[in-house]
Amino acid sequence: FAEISLKDIDQVANSSFPLCMRHLFEKLREDHHLKYGGRMQLGLFLKGVGLTLDDALVFWKSEFSKKVGAERFDKEYAYSIRHSYGKEGKRVDYTPYSCQKVISSTPGVGDHHGCPYRHFSEDNLRAALSKMGVSSRAMTDVMDKVQNKHYQIACTLTFEAIHGSSCDAGINHPNQYFSESQKILQ
Ligand code: SF4
Numbered sequence: 001f002a003e004i005s006l007k008d009i010d011q012v013a014n015s016s017f018p019l020c021m022r023h024l025f026e027k028l029r030e031d032h033h034l035k036y037g038g039r040m041q042l043g044l045f046l047k048g049v050g051l052t053l054d055d056a057l058v059f060w061k062s063e064f065s066k067k068v069g070a071e072r073f074d075k076e077y078a079y080s081i082r083h084s085y086g087k088e089g090k091r092v093d094y095t096p097y098s099c100q101k102v103i104s105s106t107p108g109v110g111d112h113h114g115c116p117y118r119h120f121s122e123d124n125l126r127a128a129l130s131k132m133g134v135s136s137r138a139m140t141d142v143m144d145k146v147q148n149k150h151y152q153i154a155c156t157l158t159f160e161a162i163h164g165s166s167c168d169a170g171i172n173h174p175n176q177y178f179s180e181s182q183k184i185l186q
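Using the working numbering, the first residue of the sequence shown is number 1, and each one after it goes up by one.
The structure is reproduced here in structure tokens:
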């Protein structure tokens with residue numbers, strides 16, 4: 001699929017981002033800031049869905065400037081974005097995180113990265129899922145998988161509930177969730 005463009009990013013986030021990335025995206029829009037773990041998890045995901053480096057810099061700057069100012073963004077944050085695109089330092093082209101990596105992360109206080117199926121409280125997860133459009137019947141199945149620690153299956157059931165379409169492969173990567181969603185919606 002084509003590169004995701006900045007003007008569509010909110011709409012695409014709403015329709016095709018898995019909950020882990022939707023949460024980070026919403027928090028960034030709300031707080032104009034994300035801590036390191038969140039910047040890495042969301043930043044590499046966005047790179048994986050085809051956001052160009054130039055657009056990524058515009059996107060992050062537009063939010064962070066509202067909090068820390070444009071100058072501090074350029075000084076303290078732009079480097080690490082270029083770095084994650086392999087344009088600084090050792091020029092490693094970092095790859096987006098898999099579900100396994102996101103699920104096994106350990107977000108601390110004030111962090112918004114991680115997998116909501118594993119890291120949210122039950123109340124917060126229920127609220128987030130209903131905001132995504134998961135019906136109460138589907139919710140029961142999702143929460144049952146969460147209680148049994150089958151987080152990726154819970155995410156797959158969420159995908160199926162909101163797309164009204166099966167996902168036989170199962171969800172194992174946030175970027176795969178995105179591409180499966182785009183296949184259905186486009
Ligand atoms: Fe994200 Fe994977 Fe968790 Fe789904 S299962 S919310 S894609 S980390």
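C-beta: ideal position from N, C-alpha, C; glycine also. As the structure is a computational prediction, the values presented were derived from the model and not from experiment.
Check	Outcome
Helix, strand or coil at HIS32 [DSSP, three-state]	coil
Cβ-based neighbour list, ILE4, same chain, cut-off 8 Å, excluding 5 preceding and 5 following	VAL12, LEU46, VAL49, GLY50 and LEU51
Secondary structure of ARG91, DSSP reduced to three states	coil
The region 54-63 touching the region 91-104, judged by at least three CB pairs closer than 8 Å	no
Whole-Å CB distance - ILE184 paired with TYR177, under 8 Å assumed	Not really, about 11 Å apart at Cβ, beyond 8 Å.
MET143 CB to nearest heavy atom of the ligand SF4 below 8 Å	no
Spatial distance of ILE81 from GLY43 (CA atoms)	8 Å
Residues near PHE17 in its chain [Cβ-Cβ closer than 7 Å; skip 5 each side]	PHE25 and PHE178
Runs of alpha helix (DSSP H) wholly within the region 33-108 (minimum 4 residues, chain order)	36-48, 53-68, 78-84 and 99-103
Any non-hydrogen atom of the ligand SF4 closer than 8 Å to ALA70 Cβ	no
PHE25 - DSSP class collapsed to helix/strand/coil	helix
For GLN182 and PHE1, the rounded distance between their alpha carbons	Only weak support exists for where PHE1 lies, its pLDDT of 47 falling under 50; the value from the coordinates is given anyway. Approximately 8 Å, taken between the alpha carbons.
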